Each structure stands twice: as C-alpha cells, then as structure tokens.
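Here's the structure we're looking at; comments come further down.
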Amino acid sequence: MKNYKIALIKGDGIGPEIIDEAVKVLDAVSSCCGFHFEYEEALMGGCAYDITGDPLPQETISASLRSDAVLFGAIGGEKWDSLPREKRPESGLLRFRKELGVYANLRPAVVYEELINASSLKPEIIKGVDIMVVRELIGGIYFGEPKGRTDDKGWNTMVYTRMEIERIAHQAFRIAQKRSKRVCSIDKANVLDVSQLWRDVVTEISEQYPDVELSHMYVDNAAMQLVLNPKQFDVMLTGNIFGDILSDEASMLCGSIGLLPSASVGEKIGVYEPIHGSAPDIAGQGIANPIATISSASMMLRYALGENVAADKIDSAIKRALKEGYRTKDLAQYDAKEVCSTSEMGSIIANYTAK
Ligand code: NAD
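So the mapping is simple: the numbering used here equals the position in the sequence shown, first residue as 1, plus 2.
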C-alpha cells in the first residue's frame, strides 16, 4: 500500500479546527482509494513563536522537506501584531515560501452552482466561472532590491529575471493543457520595462505549447474584465503583486472566503492552504467553514501526489454537501437546509467521500 508523508502545519486561530476536518476527509478518501497517510505536525506562526521564540523554527522546514506535501492552516493574530517585524507570524510564512522555493501560487476560483446567490455579481455573469490564477510568488516588487524608506521617501523595486518568468510561464501553460487550453498573461507592458520583458518571455515560452492559446492583457483592464465578463478567463498568468490583487478579486466572485483553496508549488515540496487567514474573530467557536482547507487537500492529492481519483471524490463530496443544503454559518443565508458546525461539515464531506 502506498504511504504518503504529509507535514501538517495547523498554525493559529481557526487553523487547527479546519486542518482537523481536512485530515478527517483525507483519512476517509485514503481508506477507500488504497493508500495511507502518515502525518507529522510542525509549528509555525504565533504558536511557534510562543513556544520557541521563532515564528518559523528550523525543524518546521526540515519536517516539510522530508514530507511529500505540506497541508497548512493559517497563521497570525492580534496577540503577535506588536512584535518586531521578523518575529511576526507573517514574516515566518514569507520566509517559509522562500525556503521551500514555492514560486507558483495556484488559486482556482470556481463558482459552485448551489451558491450562485452568495456572489455580489449577477447569477448570469458568474454561472460557470472556472478560473485558475497562476501567480508568481517569490519574486517581483515584494522581494526586489533596492527597497527602503526615510521620513519622506519610500521605494521598492519590481525585478523579474528571464529565468523567473520562464518557470512560472511553463507552470501556467502546463496547467492550461489540462483545462480549457487558454492562458491570459497579465502585465503593464505599456508602462513598465519589467512587464515588457515579462510579455516577451511569456510569448517565447508559448511557442513550446502550440495547443494552448495565449493572450495578453494590461492589469487595469484585467481587473475590470474580471467583474464584467469573468467567464472569458481560463488560466490567468500574473506576477506577484498583480496576482495578489487579482486573485482576491477573482475569489470574491465565488461568495465566501471560506470556500477557496490554493496551492503553492515549486521545485521541491508544495504547500496547500486555504486563501483565508486565521480568522481570530471566530476561532474556537466551531463555526469556521472547513471547505477551503478540504478543497486544498484535494489540490494536494491532485498536484503533489497524482491521486486524481481521490481528488475527484473529495470535490464531488463538497458539491454534494452544498447541493443537499448543508451550510456553515458564513453561508447560512444562502438556501441552507441545515446549518452545521465546522466539525459536522467535515464529517458530512468525509462520509460522502467514502461512498
Ligand atoms: P481572515 O481571512 O482571517 O478573515 C477575514 C474575515 O473572513 C473574517 O471575518 C473571518 O471571520 C472570515 N473568515 C475567514 N476564514 C473563514 C472561514 N474559513 N470560515 C468562515 N469565515 C471565515 O483575514 P484577517 O482578519 O484580515 O486576518 C486575520 C489574521 O490572519 C491576521 O493576523 C493576518 O495577518 C492573518 N492572515 C494569515 C494568512 C495565512 O496564514 N496565509 C492569510 C491572510 C491573513
């Protein structure tokens, strides 16, 4: 029987609650698909700082590197907001992504038919939306040098090398090959030199993928098109800051932040996590929506372990739970037949997964 090693980083706030539900579902799917999970828990974020004085202990990096994939909850909270920047949970997360070399952030934005009324856009605009945002994660203006500030001046630098653009472009084209075979690359090539290089390199790489159609769009237009006609997009390929903004915009087409998964992948180990944070306002109340994390576990099966049948089973189980009217509190006003707790939702999905 195949055995997969999974590093579990529960983190802070609702992190432990939602990871426990994802584990419940993973165990249900593994027992019916003929493989086994071995979990190793590791600390990150505020809880790691409280115990070790470091939001990212070296042991967490080691545990992640000896695993097949990392399933991550969320980190952060007010309690740690006044710490020096390098001790804050968020610094630990940025350092973690850099250490693991996860340069590609994949964020699907899929509208569930059953929750079509949960979106702020009209049903006819969002029905059938299925977008994958492929965002470069460890380069661009968030990391570029020089950066700094004085009392009356602040500066950051957007830098991309050919190599960084090539590898993220390959990711986007490979993903598009498994979807509707369309990549829209987002840039600001009418103004930025770095975007001109981005556009040229993406165009060059596209020649290796003749089955995929490439288009280019300026980021300001893309922000508008996402709310005007989101169905035109299949894969959106973006740099770090543009992707940060556009993926949040795309995610809101879908209703609740508690639904949306993500994968951060690179050359080594991938990190699978919900797009939301640690939600300290609802932590410990048993009302967090675990679907984003369960869906991240499904992405882990698909992208890290190649267990597509198991991933399909989880995706179908989530749809079935929603179709049958089960809702956590965040979605209670949208055609709920029964409002359930975090743990009840996890059990319902685990149960449907195993069938
Ligand atoms: P958040 O995503 O934690 O919460 C925003 C709102 O969405 C809150 O009202 C929250 O209750 C709700 N929400 C989030 N997840 C939910 C879920 N699964 N079910 C139901 N409702 C949910 O963002 P925030 O409040 O801006 O940040 C809180 C903390 O999380 C901060 O310390 C922030 O730095 C951290 N954060 C961490 C990550 C991460 O770990 N990747 C990402 C974003 C924010």
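Glycine is no exception: its CB is placed at the ideal position from the N, C-alpha and C atoms.
Being a predicted model, the structure only gives us computed values, none of them experimental.
Cα-Cα separation, residue i to residue j
{"i": "Pro232", "j": "Tyr114", "result": "14 angstroms"}
{"i": "Leu324", "j": "Ser318", "result": "10 angstroms"}
{"i": "Tyr220", "j": "Val229", "result": "15 angstroms"}
{"i": "Arg184", "j": "Gly150", "result": "39 angstroms"}
{"i": "Gly15", "j": "Ala76", "result": "7 angstroms"}
{"i": "Met347", "j": "Asp202", "result": "47 angstroms"}
{"i": "Asn291", "j": "Glu206", "result": "42 angstroms"}
{"i": "His278", "j": "Leu262", "result": "8 angstroms"}
{"i": "Gln227", "j": "Leu248", "result": "11 angstroms"}
{"i": "Phe37", "j": "Ser84", "result": "44 angstroms"}
{"i": "Asp195", "j": "Cys342", "result": "51 angstroms"}
{"i": "Gln198", "j": "Ala178", "result": "22 angstroms"}
{"i": "Tyr354", "j": "Thr159", "result": "49 angstroms"}
{"i": "Arg181", "j": "Gly48", "result": "38 angstroms"}
{"i": "Ile20", "j": "Leu239", "result": "29 angstroms"}
{"i": "Cys186", "j": "Ser121", "result": "23 angstroms"}
{"i": "Asp189", "j": "Glu251", "result": "16 angstroms"}
{"i": "Val311", "j": "Leu45", "result": "31 angstroms"}
{"i": "Glu215", "j": "Ser33", "result": "40 angstroms"}
{"i": "Gly17", "j": "Ile284", "result": "11 angstroms"}
{"i": "Lys357", "j": "Val72", "result": "26 angstroms"}
{"i": "Arg322", "j": "Asp70", "result": "29 angstroms"}
{"i": "Ala9", "j": "Val267", "result": "15 angstroms"}
Proximity test, residue i beta-carbon vs the ligand NAD heavy atom, cut-off 8 angstroms
{"i": "Thr205", "result": "no"}
{"i": "Asp83", "result": "yes"}
{"i": "Asp56", "result": "no"}
{"i": "Ile140", "result": "no"}
{"i": "His278", "result": "yes"}
{"i": "Gly286", "result": "no"}
{"i": "Ala290", "result": "yes"}
{"i": "Asp283", "result": "yes"}
{"i": "Leu95", "result": "yes"}
{"i": "Thr330", "result": "yes"}
{"i": "Pro91", "result": "yes"}
{"i": "Ser349", "result": "no"}
{"i": "Ser365", "result": "Since the first residue shown for the chain is 3 and the last is 357, residue 365 is missing from the structure and cannot be characterised."}
{"i": "Ile53", "result": "no"}
{"i": "Ala76", "result": "yes"}
{"i": "Glu275", "result": "yes"}
{"i": "Ile143", "result": "no"}
{"i": "Ile63", "result": "no"}
{"i": "Gly257", "result": "no"}
{"i": "Ile16", "result": "yes"}
{"i": "Ala111", "result": "no"}
{"i": "Ala44", "result": "no"}
{"i": "Gly36", "result": "no"}
{"i": "Glu80", "result": "yes"}
Minimum C-alpha distance to residue i - residue among the options
{"i": "Lys124", "options": "Gly279, Arg99 and Leu255", "result": "Leu255"}
{"i": "Glu43", "options": "Phe37, Lys7 and Gly55", "result": "Lys7"}
{"i": "Lys102", "options": "Ile21, Ile140, Asp314 and Gln227", "result": "One point to set straight first is that residue 102 is Leu, not Lys, in the sequence displayed. Here the closest residue by C-alpha is Ile140."}
{"i": "Lys224", "options": "Tyr211, Ile277, Val214 and Gly245", "result": "A small correction: the amino acid at residue 224 is Ala; Lys does not occupy that position in the sequence shown. Here the closest residue by C-alpha is Gly245."}
{"i": "Gln287", "options": "Ser345, Ala338 and Thr295", "result": "Ser345"}
{"i": "Thr163", "options": "Met238, Phe175 and Glu147", "result": "Glu147"}
{"i": "Gly130", "options": "Val112, Glu138, Arg137 and His278", "result": "Val112"}
{"i": "Arg176", "options": "Trp200, Met134, Met160 and Trp157", "result": "Met134"}
{"i": "Ile289", "options": "Ala71, Asp332, Asp154 and Leu248", "result": "Asp332"}
{"i": "Ala171", "options": "Asn158, Phe145, His218 and Asp154", "result": "His218"}
{"i": "Val136", "options": "Ala120, Ile167, Asn158 and Ala352", "result": "Ile167"}
{"i": "Ala174", "options": "Ser122, Trp157, Ala106 and Pro212", "result": "Ala106"}
{"i": "Leu95", "options": "Arg68, Ser280, Gly156 and Glu116", "result": "Ser280"}
{"i": "Pro110", "options": "Ala71, Phe235 and Asn5", "result": "Phe235"}
{"i": "Gly327", "options": "Lys315, Gln335 and Glu340", "result": "Glu340"}
{"i": "Ser349", "options": "Val31, Asp314 and Met3", "result": "Val31"}
{"i": "Leu58", "options": "Glu80, Arg97, Val72 and Phe39", "result": "Arg97"}
{"i": "Gly79", "options": "Ala294, Ser93, Ile316 and Asn310", "result": "Ser93"}
{"i": "Val193", "options": "Arg169, Asp56, Tyr211 and Asp222", "result": "Asp222"}
{"i": "Met3", "options": "Asp29, Arg322 and Cys35", "result": "Cys35"}
{"i": "Gly257", "options": "Asn242, Ala294 and Ile243", "result": "Ala294"}
{"i": "Pro86", "options": "Arg99, Tyr51 and Ser266", "result": "Tyr51"}
{"i": "Pro282", "options": "Ala9, Gly13 and Met165", "result": "Gly13"}
{"i": "Glu138", "options": "Ile243, Gln60, Pro212 and Ala313", "result": "Ile243"}
{"i": "Asn5", "options": "Arg99, Tyr41 and Pro212", "result": "Tyr41"}
{"i": "Leu67", "options": "Leu108, Ala352, Arg99 and Ile351", "result": "Arg99"}
Integer-rounded CB distance, given that residue j should sit under 8 angstroms from residue i
{"i": "Ile143", "j": "Ile128", "result": "Actually they are not in contact, since the Cβ atoms of Ile143 and Ile128 sit about 30 angstroms apart, beyond 8 angstroms."}
{"i": "Ile11", "j": "Thr62", "result": "7 angstroms"}
{"i": "Glu275", "j": "Phe74", "result": "4 angstroms"}
{"i": "Gly156", "j": "Trp200", "result": "Going by Cβ atoms, the distance from Gly156 to Trp200 rounds to 24 angstroms, so no, they are not a contact pair."}
{"i": "Asp337", "j": "Glu116", "result": "7 angstroms"}
Short CB-CB distance (under 9 angstroms) between residue i and chain D
{"i": "Glu23", "result": "Among the protein chains of the structure shown there is no chain D, as only one such chain exists."}
The segment 291 to 309 in contact with the segment 9 to 27 per 3-pair CB rule at 8 angstroms: yes
The segment 269 to 279 touching the segment 302 to 315, judged by at least three CB pairs closer than 8 angstroms: yes
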